[in-house]
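Counting with my numbering, you get residues 163 to 790 for the letters of the sequence shown. Think of the CB as a built atom: it goes at the ideal place given N, C-alpha and C, for glycine as much as any other residue. Shown next, in structure tokens, is the structure this report addresses.
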Amino acid sequence: MSKKQFKAESKRLLELMINSIYTHKEIFLRELISNASDAIDKLYYKALTDEAIKFEKDNYYIRIIPDKKNRELRVIDTGIGMTKEELEDNLGTIARSGSLSFKKENESQEGYDIIGQFGVGFYSAFMAADTITVISKVFGSDEAYKWESQGTDGYSIAVCEKDTVGTEIILKLKQNTEDDNYDEFLDEYRLKNLVKKYSDFIRYPIKMNVTISKLKEGSKDEYDEHVEEQIVNSMVPIWRKNRNELKDEDYVQFYEEKHYGFDKPVKHVHISTDGVVSYTAILYIPEKTPFDYYTKEYEKGLELYSSGVLIMNKCSDLLPDYFSFVKGLVDSADLSLNISREMLQHDRQLKLIAKNIKTKIKGELLELQKADRENYEKFYQSFGRQLKYGVYSDFGGNKDMLQDLLMFYSSKEKKPVTLDEYLSRMVEDQKYIYYATGESVARIEKLPQTELVAEKGYEILYLTDDIDEFAVKMLMSYKEKEFKSVSSQDLGIEDKENEAKAETEEKSHKELFEKMTTILADKVKEVRVSKRLKSHPVCLTNEGEISIEMEKVLNAMPNNEQKIKADKVLEINPNHEIFKALTAAYEKDPDKLSLYTNVLYNQALLIEGLPVQDPVEFTNNICKLMVG
Numbered sequence: 163m164s165k166k167q168f169k170a171e172s173k174r175l176l177e178l179m180i181n182s183i184y185t186h187k188e189i190f191l192r193e194l195i196s197n198a199s200d201a202i203d204k205l206y207y208k209a210l211t212d213e214a215i216k217f218e219k220d221n222y223y224i225r226i227i228p229d230k231k232n233r234e235l236r237v238i239d240t241g242i243g244m245t246k247e248e249l250e251d252n253l254g255t256i257a258r259s260g261s262l263s264f265k266k267e268n269e270s271q272e273g274y275d276i277i278g279q280f281g282v283g284f285y286s287a288f289m290a291a292d293t294i295t296v297i298s299k300v301f302g303s304d305e306a307y308k309w310e311s312q313g314t315d316g317y318s319i320a321v322c323e324k325d326t327v328g329t330e331i332i333l334k335l336k337q338n339t340e341d342d343n344y345d346e347f348l349d350e351y352r353l354k355n356l357v358k359k360y361s362d363f364i365r366y367p368i369k370m371n372v373t374i375s376k377l378k379e380g381s382k383d384e385y386d387e388h389v390e391e392q393i394v395n396s397m398v399p400i401w402r403k404n405r406n407e408l409k410d411e412d413y414v415q416f417y418e419e420k421h422y423g424f425d426k427p428v429k430h431v432h433i434s435t436d437g438v439v440s441y442t443a444i445l446y447i448p449e450k451t452p453f454d455y456y457t458k459e460y461e462k463g464l465e466l467y468s469s470g471v472l473i474m475n476k477c478s479d480l481l482p483d484y485f486s487f488v489k490g491l492v493d494s495a496d497l498s499l500n501i502s503r504e505m506l507q508h509d510r511q512l513k514l515i516a517k518n519i520k521t522k523i524k525g526e527l528l529e530l531q532k533a534d535r536e537n538y539e540k541f542y543q544s545f546g547r548q549l550k551y552g553v554y555s556d557f558g559g560n561k562d563m564l565q566d567l568l569m570f571y572s573s574k575e576k577k578p579v580t581l582d583e584y585l586s587r588m589v590e591d592q593k594y595i596y597y598a599t600g601e602s603v604a605r606i607e608k609l610p611q612t613e614l615v616a617e618k619g620y621e622i623l624y625l626t627d628d629i630d631e632f633a634v635k636m637l638m639s640y641k642e643k644e645f646k647s648v649s650s651q652d653l654g655i656e657d658k659e660n661e662a663k664a665e666t667e668e669k670s671h672k673e674l675f676e677k678m679t680t681i682l683a684d685k686v687k688e689v690r691v692s693k694r695l696k697s698h699p700v701c702l703t704n705e706g707e708i709s710i711e712m713e714k715v716l717n718a719m720p721n722n723e724q725k726i727k728a729d730k731v732l733e734i735n736p737n738h739e740i741f742k743a744l745t746a747a748y749e750k751d752p753d754k755l756s757l758y759t760n761v762l763y764n765q766a767l768l769i770e771g772l773p774v775q776d777p778v779e780f781t782n783n784i785c786k787l788m789v790g
């Protein structure tokens, strides 16, 4: 039995595959099981054109046998087997795939997909084995052959004995090292877990002899053990079942089995699409955020399968960041896999699936919003923040996709409402969508800036999340209606008579406001008469793009050494008693005017939830006012 050399620059290529192509050593079991499934598929294809072959699926299986004593792991199939020439061609030439060539020859056949495409997966077993032996007997032949290799030095092929048709692969496992524990591939529990992880939905039974322990009757610590043959894979994935056969409970159970979350999903989506790219998918919209969702450690992505074989545990390319909360999986036989089958080439099939999924998720969320508002609000409480981040990110590129999903608390409805619902209630002459920002609904309701808008009977959206105003600024408008903060200089609703009166007051007390502006120095841009205040004496508004609330958010960010400042304006109510006191102090007592001005400014800061720069000075000023 002479040794032969691998073709296709074997040594360098084999070293590359063993050391570089595969990220995890455990992948080899997935590859060997996929090849075994292919071998059974080939016999099925042959049965379609050969009436002499009776293909009864129950008679075909894959068996895994760990042998701890001899440090061997065996993977056995009852498939079509290989001739001497096929062993030479498929295993002697690295990167040649018998599965791929068989697939091309039988493209007209329907019903089964051949998983293997590249013919390199077999060699991944050298990551865990020193020696690989393949014993195979092809269907219709009396002869069997043994292929054996210890890696890059080459291989040998010889005639051998085998009673049944099919292939047996025997791995002589490597010895353990400080970094690698190869004994794990002889552990029944570990092997079962690897099958469940990567090959649970291989269409043929994967059998193992499993040791069962049972507590002896009447004993607290003694066990009886016996070996039991088990099928360790599920075979038929839920996503390949007819939706009419499945109940909501089945989807929830699958969600729990896959450990997608500890909550109950508010909605599930079962997609089955045939077209340019055919794929099936099950998507879940969770009710609650995972504990690490808003951290850098959170990984988004859907499980990706190719013909039932797990390719990627989290394929992030299938979900945009703003839908990163979605859990589930996609299975497609049309994907272009790379050489290791561990990741995807970024081709148009993947992009098309991702685009379809994105559109489907939005549609399902809109349906949930309309048909089951209670559950939508639960979802939105958990993930609305992520949708608003999506609006703000990418320079607003996703706002058209997301704006109909957004909700904000309504001053009229006393609950979250959509932008479309707000528009449906707008007063006939209302020009803008009005909003107010603050730390809480209770705090916003007391803001002086809301008085004029509320008096007009206009609905106000309360923005209480730190991302809210940034998202609204990025939206700019909704269905041609511009957003307007109640703190904006021009609300577009000022009464002409009151506006004229305010302008008169502004002119007649010009020196007073200039003096107050000087007293507050760099604290405010200007002090002026308010056109919006009704009962409150004072408020802060802003000019420019940075609002007071945005100033708070930006300055609260870590590592923000350069403090952001909004251009603040201190507005004084000319109809309030305090205005008379200000004019009198201006005329008679400059020190009292300074006292009043600083107290009013600090009051305005407190109303806005901003810190008073000098609390001691503020309390002393209050005491001065109290004692007259």
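- Boundaries for Val-589: no alpha helix (DSSP H) harbours it, and the DSSP string shows neither H nor E there.
- If one requires a minimum length of 3 residues, the beta strand (DSSP E) runs lying completely within the stretch 216-262 are 224-229 and 234-239, in chain order.
- Per DSSP, Phe-485 has no beta bridge partner at all.
- Here Lys-577 is exposed. Its C-beta has fewer than 16 other C-beta atoms within 10 Å.
- Within the same chain, Pro-699, Val-700, Ile-734, Tyr-758 and Leu-762 come within 8 angstroms of Ile-740 by CB-CB distance, once the 5 residues on both sides are set aside.
- Looking at Arg-225, Ile-294, Ser-486 and Phe-301, the one whose alpha-carbon comes closest to that of Tyr-455 is Ser-486.
- With respect to the 7 angstroms criterion, Tyr-584 and Val-603 are not classified as neighbours on the basis of their beta carbons.
- Looking only at Lys-382, Ile-515 and Phe-545, the smallest Cα-Cα distance to Val-428 is reached by Phe-545.
- CA-CA distance, Ile-444 to Thr-521, rounds to 14 angstroms.
- Counted as a single uninterrupted DSSP element, the stretch harbouring Ala-290 is not any beta strand (DSSP E), since DSSP gives it neither H nor E.
- Closest in C-alpha terms to Tyr-222, from the list Lys-204, Leu-210 and Gly-241, comes Gly-241.
- Taking C-beta separations shorter than 8 angstroms and ignoring five residues to either side along the sequence, the partners of Glu-779 in its chain run Asn-760, following chain order.
- One thing to note: Ile-319 has its Cβ no nearer than 7 angstroms to the Cβ of Thr-295.
- Here the alpha carbons of Asp-630 and Tyr-554 stand approximately 9 angstroms from one another.
- Annotated three-state conformation of Gly-328 is strand, per DSSP.
- When rounded, the separation of the alpha-carbon atoms in Ala-718 and Gly-600 is 15 angstroms.
- Val-488 sits buried, since 16 or more C-beta atoms from the chains shown fall within 10 Å of its C-beta.
- Put simply, the backbone Cα of Glu-659 is about 15 angstroms away from that of Asp-652.
- The C-alpha of Ile-681 is placed about 17 angstroms away from the C-alpha of Asn-782.
- Here Tyr-422 carries a coil assignment [DSSP, helix/strand/coil].
- Its chain contains Gly-283 and Ser-286 as the residues whose beta carbon lies nearer than 6 angstroms to that of Glu-193, once the 5 sequence neighbours on both sides are disregarded; these appear in chain order.
- Contact annotation: the stretch 631-646 touches the stretch 559-566, with at least three C-beta pairs closer than 8 angstroms.
- Look at Leu-472 here: in three-state DSSP terms it is strand.
- Secondary structure note for Leu-568: it is in no beta strand (DSSP E), with a DSSP letter that is neither H nor E.
- Under DSSP, Tyr-455 shares a beta bridge with no residue.
- In the three-state DSSP reduction, Asn-371 falls in the strand class (E or B).
- No Cβ-Cβ contact shorter than 7 angstroms links Asp-425 with Pro-452.
- For Leu-702, the enclosing beta strand (DSSP E) stretches over residues 700-705.
- Residue Lys-334 holds the alpha-carbon nearest to the alpha-carbon of Arg-233 among Glu-188, Ala-201 and Lys-334.
- Pairing Lys-358 with Lys-324, the inter-Cα distance amounts to about 30 angstroms.
- Taking the C-beta atoms as reference points, Val-689 is found no nearer than 7 angstroms to Thr-703.
- Here DSSP, grouped into helix, strand and coil, assigns Phe-190 to helix.
- DSSP, reduced to helix, strand and coil, places Ala-616 within a helical segment of the structure shown.
- Minimum Cα-Cα distance from Ala-633 among the listed residues Asn-475, Lys-336, Cys-785 and Gly-559 corresponds to Gly-559.
- Here Val-603 carries a helix assignment [DSSP, helix/strand/coil].
- Taking a 10 Å sphere around the C-beta of Gln-415, we find fewer than 16 other C-beta atoms and assign the residue as exposed.
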